[in-house]
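Structure first, commentary second.
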Amino acid sequence: EAQVTQNPRYLITVTGKKLTVTCSQNMNHEYMSWYRQDPGLGLRQIYYSMNVEVTDKGDVPEGYKVSRKEKRNFPLILESPSPNQTSLYFCASRGFDRNTEAFFGQGTRLTVV
Amino acid sequence: AQSVTQPDIHITVSEGASLELRCNYSYGATPYLFWYVQSPGQGLQLLLKYFSGDTLVQGIKGFEAEFKRSQSSFNLRKPSVHWSDAAEYFCALLPGYSSASKIIFGSGTRLSIRP
Numbered sequence: 001e002a003q004v005t006q007n008p009r010y011l012i013t014v015t016g017k018k019l020t021v022t023c024s025q026n027m028n029h030e031y032m033s034w035y036r037q038d039p040g041l042g043l044r045q046i047y048y049s050m051n052v053e054v055t056d057k058g059d060v061p062e063g064y065k066v067s068r069k070e071k072r073n074f075p076l077i078l079e080s081p082s083p084n085q086t087s088l089y090f091c092a093s094r095g096f097d098r099n100t101e102a103f104f105g106q107g108t109r110l111t112v113v
Numbered sequence: 114a115q116s117v118t119q120p121d122i123h124i125t126v127s128e129g130a131s132l133e134l135r136c137n138y139s140y141g142a143t144p145y146l147f148w149y150v151q152s153p154g155q156g157l158q159l160l161l162k163y164f165s166g167d168t169l170v171q172g173i174k175g176f177e178a179e180f181k182r183s184q185s186s187f188n189l190r191k192p193s194v195h196w197s198d199a200a201e202y203f204c205a206l207l208p209g210y211s212s213a214s215k216i217i218f219g220s221g222t223r224l225s226i227r228p
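Structure representation (structure tokens):
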């Protein structure tokens, strides 16, 4: 089954404690992205990757890092989380063929206290 | 600049009534357009997509959408809603140029169903 898997689904952490949200896809997709969803703002892109070792900033990259060492994985790293990073996060992947849809993970609800 | 506007933040309709959710986009060429649904506590599920061809697109769960280039719109419709359709709906755009990597989302419309 085609899938984008994020872990964890829920996370409560304290300000400044480094954390990583993992994302893995089993469709051999080239494109992977991270979005955050906030009320009234829809989904905004944080970072994206067009292939292994190729990453770039999206609209709201401040406070986040990513890496793409393998095609299937695209972890999101918060080196020093702050309360304004409390949000719902989605990972997405899409193939190079532009006539294909994007697949989204189930989301990670992060709370930073 | 590319953007997607969903003018209705929250809509309530009666079960069995028809539904239309509005979506307008701003993009200089023909975009790829999508509607996603997000049920409470769930991820995003693709309802339908428009890439080219027939401007009336059929999706899952009885939804359809019509692409109108002259109005820069891609409104979502359903002839008769069910209580299970209560969710948040997102219209989204992917620019048509080959290097585009970002799906641009509208701010969403929350749909409530009146029994």
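So the protein sequences, as listed, match chains A and B.
Numbering-wise (our numbering), the first sequence opens with residue 1 and increments by one.
Numbering-wise (our numbering), the second sequence opens with residue 114 and increments by one.
Glycine included, every Cβ here is placed at the ideal spot set by N, Cα and C.
None of these values were measured; they are calculated from a predicted model.
Nonlocal neighbours in the same chain, by C-beta distance under 6 angstroms from residue i, ignoring five residues either side
i                : result
TYR10 (chain A)  : ARG109
LYS65 (chain A)  : ILE77
GLY129 (chain B) : SER193
ASN73 (chain A)  : SER24
THR22 (chain A)  : ASN7, PRO75
GLN171 (chain B) : GLU177
Assigned exposure category for residue i - 16 Cβ within 10 Å defines buried
i                : result
PRO120 (chain B) : exposed
ILE226 (chain B) : buried
HIS123 (chain B) : exposed
SER80 (chain A)  : exposed
SER93 (chain A)  : buried
LEU224 (chain B) : buried
THR233 (chain B) : Because residue 233 (chain B) is not part of the residues shown, which for chain B are 114 to 228, the question remains open.
ALA200 (chain B) : buried
VAL54 (chain A)  : exposed
Span separating the alpha-carbon of residue i from that of residue j
i                : j                : result
PRO228 (chain B) : TRP196 (chain B) : 7 angstroms
LEU232 (chain B) : ILE46 (chain A)  : What is shown of chain B runs 114 to 228, which leaves residue 232 (chain B) out entirely.
SER87 (chain A)  : SER33 (chain A)  : 16 angstroms
PHE96 (chain A)  : PRO61 (chain A)  : 23 angstroms
SER165 (chain B) : LYS17 (chain A)  : 47 angstroms
GLN145 (chain B) : GLU1 (chain A)   : Correcting the residue type first, residue 145 (chain B) is Tyr in the shown sequence and not Gln. So the alpha carbons of these two residues sit roughly 25 angstroms apart.
PRO153 (chain B) : GLY107 (chain A) : 12 angstroms
ASN188 (chain B) : GLN37 (chain A)  : 22 angstroms
ARG182 (chain B) : THR111 (chain A) : 41 angstroms
TYR31 (chain A)  : CYS91 (chain A)  : 11 angstroms
Beta-bridge pairing of residue i - partner residues as DSSP gives them
i                : result
ASP56 (chain A)  : A:TYR48
ARG68 (chain A)  : DSSP lists no partner for ARG68 (chain A).
ASP38 (chain A)  : A:GLY42
HIS29 (chain A)  : For HIS29 (chain A), which the question treats as bridged, DSSP gives no partner whatsoever.
TYR202 (chain B) : B:VAL150, B:THR222
HIS123 (chain B) : B:ARG223
VAL4 (chain A)   : A:GLN25
SER87 (chain A)  : A:LEU110
SER139 (chain B) : B:SER116
Beta-carbon proximity list for residue i, same chain, < 8 angstroms, skipping 5 on both sides
i               : result
THR13 (chain A) : LEU19, PRO81, LEU110, THR111, VAL112, VAL113
Near the ligand SAM: residue i beta-carbon under 6 angstroms from a heavy atom
i                : result
HIS123 (chain B) : As for the ligand SAM, it is missing from this structure, which has no ligand bound.
Exercise for review: Determine which residues of the segment 22 to 51 of chain A have a Cβ less than 9 angstroms from any Cβ of chain B, and write them out in chain order.
Suggested key: TYR31, SER33, TYR35, GLN37, PRO39, GLY40, LEU41, GLY42, LEU43, ARG44, GLN45, TYR48, SER49, MET50
**Study point:** Members of the segment 136 to 163 of chain B that neighbour chain A once the beta carbon cut-off is set at 9 angstroms
**Key:** TYR145, PHE147, TYR149, GLN151, GLY154, GLN155, GLY156, LEU157, GLN158, LEU159, LYS162
Point to revise | Contact residues within the segment 169 to 186 of chain B, judged by C-beta distance below 7 angstroms to chain A | key: none
Check your understanding: Taking any Cβ of chain B, which residues in the segment 100 to 112 of chain A have a Cβ under 8 angstroms from it, in chain order?
Key -> GLU101, ALA102, PHE104, GLY105, GLN106, GLY107
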